[in-house]
Amino acid sequence: RKEVEQDPGPFNVPEGATVAFNCTYSNSASQSFFWYRQDCRKEPKLLMSVYSSGNEDGRFTAQLNRASQYISLLIRDSKLSDSATYLCVVQEYYSSASKIIFGSGTRLSIRP
Amino acid sequence: EPEVTQTPSHQVTQMGQEVILRCVPISNHLYFYWYRQILGQKVEFLVSFYNNEISEKSEIFDDQFSVERPDGSNFTLKIRSTKLEDSAMYFCASIGLAGAQETQYFGPGTRLLVL
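Residue numbers (our numbering), protein chains in the order written: chain A, 922 to 1033; chain B, 46 to 160.
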């Protein structure tokens, strides 16, 4: 089983639609969770951290289910500018270091 | 807003040559990372660096790779003898503290092409 697994997509949805991405992780000891977005040939940029209680930032909502080792991202009222690859990132902590694992990403394409 | 910078933005090299990729992390950050992303594939962790030493490295980071913080501001990744499969985008990232939700800031990357 992959350490961090995402549906690669692509998701092709019309502007204004709601779209949801899922991500599963294999290590139950994972401690921090993030969603990044990556535009073509650019660096990953943090979209939001994911907390157990769930968190919302404008049109974006992230959820974490530790029991199922599952993270989700919901985008409401999608815009053309939301077209990107969305990366699920899991961070594990050890005594002197942390290990950061990226999912392969889910491609989203918003059409007018 | 402070940012991580990387040079060069692109580098083309011959197989077997040494390359040095440079990064300037955000000035008050303490943890530094290198990642690579082969075209069309996922971002892969290479190495993390703290307090002037490697704190964690992946299986990819073999003897051909080394990292240094030569002058307190630059953070370099050296590939001693490049192979074709080293062609990738290399990202540097830095983080301020090892807090649970501390954000990694990525540089814009260096695109390395080995011929």
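Backbone N, C-alpha and C fix where the C-beta goes; we use that ideal spot for every residue, glycine too.
From a predicted model like this one, the values you see are computed outputs, not experimental measurements.
Of the residues SER974(A), ALA988(A), ARG980(A), LEU968(A), the one whose Cα lies closest to the Cα of THR939(A) is ARG980(A). The C-beta distance from GLY61(B) to THR127(B) rounds to 7 Å, short enough to meet the 8 Å contact threshold. When the five nearest sequence neighbours on each side are left out, the beta carbons in the same chain lying within less than 7 Å of the beta carbon of ASP131(B) are those of ILE124, LEU157, VAL159, in order along the chain.
Buried is the label assigned to SER953(A), since at least 16 other Cβ atoms lie within 10 Å of its Cβ. Judged by their CB atoms, VAL49(B) and CYS137(B) are nearer to each other than the 7 Å cut-off. Against THR148(B), the close residues of chain A are LEU967, in the order they occur along the chain (beta-carbon pairs closer than 7 Å).
Each of PHE932(A), GLU926(A), VAL925(A), GLN927(A) was checked against the Cα of ARG1032(A), and the nearest Cα belongs to PHE932(A). Interface annotation, PHE94(B): not in contact with chain A, CB-CB separation never under 7 Å. Straight-line measurement puts the Cα of SER989(A) at about 30 Å from the Cα of SER139(B). Put simply, of ILE1022(A), ARG1028(A), TYR972(A) the residue whose alpha carbon is nearest the alpha carbon of SER947(A) is ILE1022(A). For PHE136(B), the neighbours in chain A by C-beta distance under 8 Å run, in chain order, GLU964, PRO965.
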